[in-house]
Amino acid sequence: MNTQTHVEPETRHILPFLAWTFGISWGSWLILYILAALKLTSGSEPLGYALIIIGGFGPALGTFISLKISHPKKMLDFIFSHAKGWWIYMLAFCLIRILTLFIANPALPPLNAVLMFPLGWTFVTFAGGGNEELGWRGLLQPALEKKFSFPLATVITALVWVAWHLPLWLIPGTSQSQISLPFYLSFGILLCFCQAALYKQTASVFACMVFHGCINFAQATIVGSATNGGRYLSFQAANLVMTALLVGCWYWKGNRKGVQKDAG
Numbered sequence: 001m002n003t004q005t006h007v008e009p010e011t012r013h014i015l016p017f018l019a020w021t022f023g024i025s026w027g028s029w030l031i032l033y034i035l036a037a038l039k040l041t042s043g044s045e046p047l048g049y050a051l052i053i054i055g056g057f058g059p060a061l062g063t064f065i066s067l068k069i070s071h072p073k074k075m076l077d078f079i080f081s082h083a084k085g086w087w088i089y090m091l092a093f094c095l096i097r098i099l100t101l102f103i104a105n106p107a108l109p110p111l112n113a114v115l116m117f118p119l120g121w122t123f124v125t126f127a128g129g130g131n132e133e134l135g136w137r138g139l140l141q142p143a144l145e146k147k148f149s150f151p152l153a154t155v156i157t158a159l160v161w162v163a164w165h166l167p168l169w170l171i172p173g174t175s176q177s178q179i180s181l182p183f184y185l186s187f188g189i190l191l192c193f194c195q196a197a198l199y200k201q202t203a204s205v206f207a208c209m210v211f212h213g214c215i216n217f218a219q220a221t222i223v224g225s226a227t228n229g230g231r232y233l234s235f236q237a238a239n240l241v242m243t244a245l246l247v248g249c250w251y252w253k254g255n256r257k258g259v260q261k262d263a264g
């Protein structure tokens with residue numbers, strides 16, 4: 001028996017979600033921008049990094065507020081509900097992401113980076129990017145798909161995701177300030193197609209959180225900076241291969257309408 005364990009996102013939730021998400025995130029990052037302009041901190045210093053992290057919870061808070069989810073159990077249900085076999089797809093997606101990154105950098109990462117990988121991956125999953133998925137895959141994309149086709153809803157989600165990050169290009173010391181916007185846009189679109197396919201296959205926000213954490217931390221560990229010289233092109237090639245494999249596999253399986261959540 002299948003059951004819904006959280007409020008179903010509808011198109012009427014989109015505008016409130018965007019208002020809360022951008023308000024919370026951009027408000028936090030505006031404070032950081034002002035402090036950076038006054039030379040009091042930067043995106044790479046503890047205070048600045050804390051404000052970036054706080055702003056990063058905008059999509060999660062925007063989702064809970066828009067869907068009127070306030071009870072801790074309801075929040076946990078929203079995050080951890082899933083379809084049968086969800087973890088198999090989650091691990092497969094993460095493994096493919098890690099393996100395709102070796103296209104950009106065939107060398108093995110140093111041992112200390114490998115040993116730190118589980119801890120870093122966990123942090124990024126819950127506070128360094130993966131937490132955004134409560135908004136992007138938990139609310140925005142499913143709501144958009146009730147009005148638009150899957151590809152168009154995915155592209156719109158990607159554009160919103162990139163727009164949401166825009167203030168970080170203005171703040172010294174952030175990772176965004178060191179890369180080009182066209183590069184980030186192309187990466188965002190590919191990432192959103194992979195995340196959308198994973199959510200369709202698992203009905204799990206948590207799976208998307210873990211995959212997002214893997215994407216962010218694995219590329220920092222294996223590739224490092226991918227914005228200089230040939231590594232830029234090889235990194236984009238890795239992203240294209242990843243997207244083709246993951247979205248192609250999901251499409252081939254035929255679960256284009258998405259799986260249902262499992263009662264257990």
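Residue numbering for the sequence shown follows the UniProt record's numbering, starting at 1 and increasing by one per position. Quick reminder that beta carbons are idealized off the backbone N, C-alpha and C, glycines included. Please read all numbers here as calculations on a predicted model, not as lab measurements.
Does DSSP put lysine 73 in a helix, in a strand, or in coil? Counting from 1 along the sequence shown, the entry for residue 73 is found at position 73. It is helical.
Around the C-beta of valine 247, are 16 or more other C-beta atoms found within 10 angstroms, so that it is buried, or is it exposed? Within the sequence shown, numbered from 1, the residue matching residue 247 stands at position 247. Answer is buried; the Cβ neighbour count reaches 16.
Distance between beta carbons of serine 25 and glycine 55, contact taken as under 8 Å: Start at 1 with the first residue of the sequence shown, and residue 55 comes out as number 55. Start at 1 with the first residue of the sequence shown, and residue 25 comes out as number 25. The Cβ separation is near 4 Å, so the contact holds.
Apply the 10 Å Cβ neighbour rule to alanine 226 and answer buried if 16 or more other Cβ atoms are within range, or exposed otherwise. For the purposes of this step, residue 226 is identified with residue 226 of the sequence shown, where counting begins at 1. For alanine 226, the pLDDT reaches just 47, beneath the cut-off of 50, and the residue's location in the model is therefore unreliable, although a value from the coordinates is still provided. The residue in question, alanine 226, is buried, as its Cβ has 16 or more Cβ neighbours within 10 Å.
Please report how far the alpha carbon of valine 160 lies from the alpha carbon of arginine 137, in whole angstroms. As a first step, residue 160 must be located in the sequence shown, where it is residue number 160. As a first step, residue 137 must be located in the sequence shown, where it is residue number 137. For valine 160 and arginine 137, the distance between alpha carbons rounds to 12 Å.
Roughly how many angstroms separate the alpha carbons of leucine 170 and leucine 245, rounded to a whole number? Residue numbering aside, residue 170 sits at position 170 when the sequence shown is read from its first letter. Residue numbering aside, residue 245 sits at position 245 when the sequence shown is read from its first letter. Taking the CA atoms as reference points, leucine 170 sits about 35 Å from leucine 245.
The stretch 184-201 touching the stretch 39-48, judged by at least three CB pairs closer than 8 Å: With the cut-off at 8 Å, the stretch 184-201 and the stretch 39-48 do not touch.
From histidine 71 to tryptophan 29, what does the alpha carbon distance come to, in whole angstroms? Reading the sequence shown from its first residue, position 71 is the one you call residue 71. Reading the sequence shown from its first residue, position 29 is the one you call residue 29. One Cα belongs to histidine 71, the other to tryptophan 29, and the distance between them is close to 28 Å.
Can you give me the C-alpha to C-alpha distance between histidine 13 and leucine 111, rounded to a whole angstrom? Here residue 13 is taken as the residue at index 13 of the sequence shown, counted from 1. Here residue 111 is taken as the residue at index 111 of the sequence shown, counted from 1. Between the alpha carbons of histidine 13 and leucine 111 lies a distance of about 46 Å.
Does DSSP classify valine 223 as helix, strand or coil? Position 223 of the sequence shown holds residue 223. Residue state, collapsed to three classes: coil.
For methionine 242 versus glutamate 133, is the C-beta spacing smaller than 7 Å? Numbered from 1 along the sequence shown, position 242 holds the residue referred to as residue 242. Numbered from 1 along the sequence shown, position 133 holds the residue referred to as residue 133. Not in contact: methionine 242 and glutamate 133 (Cβ atoms no closer than 7 Å).
Rounded straight-line distance, which links the Cα of leucine 32 to that of residue 296: For residue 296 there is no data in the structure shown, the boundaries of the chain being 1 and 264.
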